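Inspection log for the structure reproduced underneath, given as structure tokens.
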Amino acid sequence: VSLYISTFLAPNSNYELLKTLFTSVTTKTPADIKPRQFNEKIPNLVIYVNEIKKGLWENVFVQDNSNPEESKIIIAKKGRFLSNQENREAFIDFTEGVVYSFSTKNPKETRIGYFSRSTEKLDPEAIFPTFKFEKRIRERNIFELWKSTKEEKEIQKLIFIKNEFHKRLAFPFASIIFAILGLSLGTTTKKGGKVSGFSLSLLFIVAYYIIVTFGENLSVKGALSPLLGIWSANIIFLILGIIMLFIYHREKTLKFSLKLKKNGTKREDKSLRKRERAKKLTFKFHFKFPNILDRYIVKKALLVFTIVIMSIYIISMIITFFELLDNAIENKRPVSSILRYLWFYTPQVLFWILPLSSFTTIIITLGIMTRFNEVNALKACGISVYRISLPLIIFGLIISLLSLYLQERVLPSYNRRAEEAKAYIKGAPSPRTYMKVDRRWVMGKENRIYNYRYFDVNKGIFDFISIYELSSNFSLEKRYFGERGYLEDGYLRIDSGWVMDADGKIKDLKDFRIQIEEDPSYFVKEWKEPEEMNIGELRDYIKSLKERGFETVKLEVEYHSKFSFPFTPLIMSLIAIPFSFSVSKKGTLYGVGFSLLIAIVYWVLFSIFKSLGNVQVLSPFLSAWISNFLFGLIGVYFLISVRT
Numbered sequence: 024v025s026l027y028i029s030t031f032l033a034p035n036s037n038y039e040l041l042k043t044l045f046t047s048v049t050t051k052t053p054a055d056i057k058p059r060q061f062n063e064k065i066p067n068l069v070i071y072v073n074e075i076k077k078g079l080w081e082n083v084f085v086q087d088n089s090n091p092e093e094s095k096i097i098i099a100k101k102g103r104f105l106s107n108q109e110n111r112e113a114f115i116d117f118t119e120g121v122v123y124s125f126s127t128k129n130p131k132e133t134r135i136g137y138f139s140r141s142t143e144k145l146d147p148e149a150i151f152p153t154f155k156f157e158k159r160i161r162e163r164n165i166f167e168l169w170k171s172t173k174e175e176k177e178i179q180k181l182i183f184i185k186n187e188f189h190k191r192l193a194f195p196f197a198s199i200i201f202a203i204l205g206l207s208l209g210t211t212t213k214k215g216g217k218v219s220g221f222s223l224s225l226l227f228i229v230a231y232y233i234i235v236t237f238g239e240n241l242s243v244k245g246a247l248s249p250l251l252g253i254w255s256a257n258i259i260f261l262i263l264g265i266i267m268l269f270i271y272h273r274e275k276t277l278k279f280s281l282k283l284k285k286n287g288t289k290r291e292d293k294s295l296r297k298r299e300r301a302k303k304l305t306f307k308f309h310f311k312f313p314n315i316l317d318r319y320i321v322k323k324a325l326l327v328f329t330i331v332i333m334s335i336y337i338i339s340m341i342i343t344f345f346e347l348l349d350n351a352i353e354n355k356r357p358v359s360s361i362l363r364y365l366w367f368y369t370p371q372v373l374f375w376i377l378p379l380s381s382f383t384t385i386i387i388t389l390g391i392m393t394r395f396n397e398v399n400a401l402k403a404c405g406i407s408v409y410r411i412s413l414p415l416i417i418f419g420l421i422i423s424l425l426s427l428y429l430q431e432r433v434l435p436s437y438n439r440r441a442e443e444a445k446a447y448i449k450g451a452p453s454p455r456t457y458m459k460v461d462r463r464w465v466m467g468k469e470n471r472i473y474n475y476r477y478f479d480v481n482k483g484i485f486d487f488i489s490i491y492e493l494s495s496n497f498s499l500e501k502r503y504f505g506e507r508g509y510l511e512d513g514y515l516r517i518d519s520g521w522v523m524d525a526d527g528k529i530k531d532l533k534d535f536r537i538q539i540e541e542d543p544s545y546f547v548k549e550w551k552e553p554e555e556m557n558i559g560e561l562r563d564y565i566k567s568l569k570e571r572g573f574e575t576v577k578l579e580v581e582y583h584s585k586f587s588f589p590f591t592p593l594i595m596s597l598i599a600i601p602f603s604f605s606v607s608k609k610g611t612l613y614g615v616g617f618s619l620l621i622a623i624v625y626w627v628l629f630s631i632f633k634s635l636g637n638v639q640v641l642s643p644f645l646s647a648w649i650s651n652f653l654f655g656l657i658g659v660y661f662l663i664s665v666r667t
């Protein structure tokens, strides 16, 4: 099965996935247009929309530069995006507006046209790009790779093809090798339990992929042949498996058995001396937190938590590494560039897996204690389940605070750097940062739109600046233009330029000053998506939009979600405690599966309730918190129902 997946199913699926991703990423839809942002995703178009309600745009500003000899400004009350992918047709339908046409050589040459309804046809290639990619190395099946090894003339590319060919065969064969290793691990980890066996298995898997990657790099550099570079991990682990199988499955000698007996006697004598010393101790009642029991439980939980979160993290990183390895090889990027991306991507992965890890940790920790009768022993000593659970609840709270810290302090900057690193690996343009010279379109504070070619923040000088003054009903009142603009004490001074009124009449300007509220920092202020803002930034953004009369429901849902989601680990802890006692009888792996199920259910409900909040079926606060309230109540109910 693994051989079929590796040689045929995976490469064919990769190619279909590439086509699907290409279509989904490059095809422009109404969802790509976001309100109160200058959208430049469609080539030669700049679109600004005040509001979007049920797919209908309100107060639309569009600059169309598709004609190299003429630029158009369209201002309309309403608009909507229409497309037909089958016929490769796309339009923007405008209602009640005006279009200003300017000559690119002489902007003073202006034509004005008023309309009650107008339709602008868009370039279909800009909306529905044609997929013309040939199959890359990872998209070729085993026969296509074999054919490529015979036809390829370039030495370096031939090595890449041979490496991929041998990986397709080596990875399926590794299943047999790991089965041999599993026979040895199954006997040596008996005392440590399933958790110990799982940890060792994970270490072997990581070591295997490290050796494969190292061997592949050596083959690329010419130090090893592709055959030896890829198969070296299999050879090493096969030898290791045979040696372990021979050592741990041979008959034990009588001398070894007697030694165990002798060691056991020493342990019994040591235990007897401890009991005798314990009899001399006096009993004192006192409440202390954290006491020995709390430290014992937390220590056990930390061990399990480390294993769980590292397991999920390492598996995620391995998958991501090999997904990007082909892109790095294809674009001649060093392996260090992938490691750099993984470093910046780490906080986001940890933020996602912390709730699942905390839930799984408590399920396994209490499950192990229950199976070994530690919980029964504590209850027999008069310690209730609630007291046993207290350190685990505090543990969940600490994880929640860690999630909040990651969200507020780490994720915004690290995610941006991760995007830049990923774009470099894939050979794509770096994501726009909307800083300084990149941010050429700015919505001002007084219904003004600023457009410029360059802004020198140190000198406060604009190059080729246009200012569009809009009325309260979003119609153009004036347009100022200057080849140079200077910010001076609350004014914008234009040495030489012109001003156009709503009727298209143009008047030349010399040393003209316009009073503005914006200071230089306003034009270089970094723009962030609401999802990338921290709580304080999003709160201020919502406040500024409300003052200008914009709808902020979706942003308010996002705002309250920034409070609710980080506390998911605490909610997961409350649910995990009562369920761990019933799940423990069915084994540790059953608990892990149950954790995954609960996490999926929570995530689905969280997304559904957020969507209901976005369409105003629920209030923003309730839509963000209802999942936590629901799961928290379920956890508390089952917790008080547990036999203490």
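For the sequence shown, our numbering begins at 24 and goes up steadily by one. The beta-carbon is built from N, C-alpha and C at its ideal position, and this holds for glycine as well. Computed from a predicted model, the values in this text were never measured in an experiment.
- Can you list, in chain order, the residues of its chain whose CB lies under 8 Å from that of glutamate 540, leaving out five sequence neighbours each side? One-based indexing of the sequence shown puts residue 540 at position 517. The residues are Gly467, Lys468, Glu469 and Gly513.
- Query: Quick one, are the C-beta atoms of isoleucine 253 and alanine 193 less than 8 Å apart?
  - Reply: One-based indexing of the sequence shown puts residue 253 at position 230. One-based indexing of the sequence shown puts residue 193 at position 170. The answer is yes: Cβ separation under 8 Å.
- Item | Distance, tyrosine 336 Cα to alanine 441 Cα | As a first step, residue 441 must be located in the sequence shown, where it is residue number 418. As a first step, residue 336 must be located in the sequence shown, where it is residue number 313. Each residue's Cα considered, the two are about 16 Å apart.
- To which residues of the same chain is threonine 30 closer than 7 Å at the C-beta, ignoring the five residues directly before and after it? Taking the first residue of the sequence shown as 1, we reach residue 30 at position 7. The residues are Asn164, Ile165 and Arg191.
- Message: With H, G and I counted as helix, E and B as strand and the rest as coil, what does DSSP make of aspartate 526?
- Response: Residue numbering aside, residue 526 sits at position 503 when the sequence shown is read from its first letter. Coil at aspartate 526, not helix or strand.
- Pairing CB atoms from the segment 370-386 with CB atoms from the segment 593-602, are three or more of them under 8 Å? yes
- Task: Determine which residues share a DSSP beta bridge with alanine 99 and list them.
- Result: On the sequence shown, residue 99 is found 76 positions in, with the first residue counted as 1. Alanine 99 is bridged to Val83 and Gly120.
- Query: Exposed or buried, what is asparagine 186 when buried is set at 16 or more other beta-carbons lying within 10 Å of its beta-carbon?
  - Reply: On the sequence shown, position 163 is the one that residue 186 refers to. The residue in question, asparagine 186, is buried, as its Cβ has 16 or more Cβ neighbours within 10 Å.
- Grab the span of the alpha helix (DSSP H) containing valine 638 for me, first residue to last. The count along the sequence shown starts at 1 and reaches residue 638 at position 615. Where valine 638 is concerned, there is no enclosing alpha helix (DSSP H), given that its DSSP letter is neither H nor E.
- DSSP beta-bridge partners of tyrosine 491: Translated into the one-based positions of the sequence shown, residue 491 becomes position 468. In the DSSP output, where bridge partners are listed per residue, tyrosine 491 has Ile472 and Arg502.
- Can you tell me which of Ala99, Glu148, Gly102 and Glu92 puts its alpha carbon nearest to the alpha carbon of serine 126? Counting from one through the sequence shown, the residue named residue 126 turns up at place 103. Checked all of Ala99, Glu148, Gly102 and Glu92; the closest Cα to serine 126 is Glu92.
- Message: Please state the DSSP three-state secondary structure of arginine 432.
- Response: Position 409 of the sequence shown, counted from the first residue, corresponds to residue 432. Helix, per DSSP.
- So, is the C-beta of serine 412 closer than 8 Å to a C-beta in chain C? As a matter of chain content, chain C is missing from the structure shown, which is built from one protein chain.
- Can you name, in chain order, every residue of its own chain whose Cβ lies under 6 Å from the Cβ of leucine 641, other than the five neighbours on each side? On the sequence shown, position 618 is the one that residue 641 refers to. Around leucine 641: Leu635.
- Query: How many angstroms separate the CA atom of lysine 449 from the CA atom of serine 242?
  - Reply: Within the sequence shown, numbered from 1, the residue matching residue 449 stands at position 426. Within the sequence shown, numbered from 1, the residue matching residue 242 stands at position 219. Lysine 449 and serine 242: Cα-Cα distance of roughly 22 Å.
- Message: Once the 5 residues before and after methionine 267 are set aside, which same chain residues still bring their CB inside 6 Å of it?
- Response: Within the sequence shown, numbered from 1, the residue matching residue 267 stands at position 244. Cβ within range, chain order: Ser207.
- Leaving out five residues before and five after arginine 476 in sequence, what residues of the same chain have Cβ atoms less than 6 Å from its Cβ? As a working mapping, residue 476 is identified with position 453 in the sequence shown. Taken in chain order, the residues that qualify are Asp486 and Phe487.
- Query: alpha helix (DSSP H) containing serine 360: first to last residue?
  - Reply: For the purposes of this step, residue 360 is taken as residue 337 along the sequence shown, with counting starting at 1. First-last of the alpha helix (DSSP H) with serine 360: 358-394.
- Task: Go ahead and pull the three-state DSSP assignment for glycine 616.
- Result: Taking the sequence shown and counting its residues from 1, one reaches residue 616 at position 593. Helix at glycine 616.
- Message: For leucine 225, tell me which candidate among Ile341, Gly136, Ile135 and Ser171 has the shortest Cα-Cα distance.
- Response: The residue given as residue 225 occupies position 202 in the sequence shown. Nearest C-alpha to leucine 225: Ile341.
- Message: Please state whether the Cβ-Cβ distance between serine 244 and glutamine 430 is less than 8 Å.
- Response: Here residue 244 is taken as the residue at index 221 of the sequence shown, counted from 1. Here residue 430 is taken as the residue at index 407 of the sequence shown, counted from 1. According to the sequence provided, residue 244 is lysine. The question's serine does not apply to it. No, Cβ-Cβ distance for lysine 244 and glutamine 430 is not below 8 Å.
- Task: Just the C-alpha distance for valine 624 and leucine 653, rounded to the nearest angstrom, thanks.
- Result: Counting from one through the sequence shown, the residue named residue 624 turns up at place 601. Counting from one through the sequence shown, the residue named residue 653 turns up at place 630. Valine 624 and leucine 653: Cα-Cα distance of roughly 12 Å.
- Just reading off the beta strand (DSSP E) that glutamate 74 is part of, what are its end residues? Sequence index remark: in the sequence shown, residue 74 carries index 51 (1-based). Counting along the chain, the beta strand (DSSP E) containing glutamate 74 begins and ends at 68-76.
- Query: Which two residues bound the contiguous beta strand (DSSP E) that contains valine 465?
  - Reply: As a working note, residue 465 is residue 442 in the sequence shown. It spans 464-466 - the beta strand (DSSP E) in which valine 465 sits, taken as one unbroken run.
- Task: Measure the alpha-carbon distance for glutamate 109 versus proline 147 and round it to whole angstroms.
- Result: Position 86 of the sequence shown holds residue 109. Position 124 of the sequence shown holds residue 147. Going from the Cα of glutamate 109 to the Cα of proline 147 covers about 11 Å.
- Would you list the residues sitting across from phenylalanine 61 in a DSSP beta bridge? One-based indexing of the sequence shown puts residue 61 at position 38. BP columns for phenylalanine 61 point to Tyr71.
- Task: Report back the beta-carbon spacing between asparagine 82 and valine 72 to the nearest angstrom; my notes put them in contact at under 8 Å.
- Result: Looking up residue 82 in the sequence shown gives position 59. Looking up residue 72 in the sequence shown gives position 49. Between valine 72 and asparagine 82 the Cβ distance is about 7 Å, and since that is below 8 Å, they are a contact.
- In angstroms with no decimal places, state the Cα-to-Cα distance between asparagine 481 and isoleucine 537. Residue mapping note: residue 481 aligns to position 458 of the sequence shown, counting from 1. Residue mapping note: residue 537 aligns to position 514 of the sequence shown, counting from 1. Those two C-alpha atoms are separated by around 20 Å.
- Note down, in chain order, each residue of its chain lying with its Cβ closer than 6 Å to the Cβ of proline 601, except the 5 sequence neighbours on either side. Taking the first residue of the sequence shown as 1, we reach residue 601 at position 578. Phe661, Leu662 and Val665, listed in sequence order.
- Task: Provide the residue(s) that pair with tyrosine 509 in DSSP beta bridges, ordered along the chain.
- Result: In the sequence shown, the residue the question calls residue 509 occupies position 486. For tyrosine 509, which the question treats as bridged, DSSP gives the partners Ile484 and Arg516.
- Query: For aspartate 349, does the three-state DSSP call read helix, strand or coil?
  - Reply: Translated into the one-based positions of the sequence shown, residue 349 becomes position 326. Three-state result, aspartate 349: helix.
- Message: Measuring CB atoms only, is the segment 351-358 touching the segment 318-332, in the sense that at least three cross pairs come out at less than 8 Å?
- Response: no
- Message: DSSP three-state label for phenylalanine 306, please.
- Response: By 1-based counting over the sequence shown, the position of residue 306 is 283. Note that phenylalanine 306 scores a pLDDT of 44, beneath 50, so its modelled location is shaky; the value from the coordinates is reported in the next line. If DSSP states are grouped into helix, strand and coil, phenylalanine 306 belongs with coil.
- Item | Inside the segment 568-598 only - alpha helix (DSSP H) runs reaching at least 4 residues | 576-587
- Burial state of aspartate 518 (16 or more Cβ within 10 Å): Start at 1 with the first residue of the sequence shown, and residue 518 comes out as number 495. Answer is exposed; the Cβ neighbour count stays below 16.
- Which partner residues of glutamine 179 appear in the DSSP bridge assignment? For this step, residue 179 is matched to residue 156 along the sequence shown. Its beta-bridge partners do not exist; DSSP assigns none.
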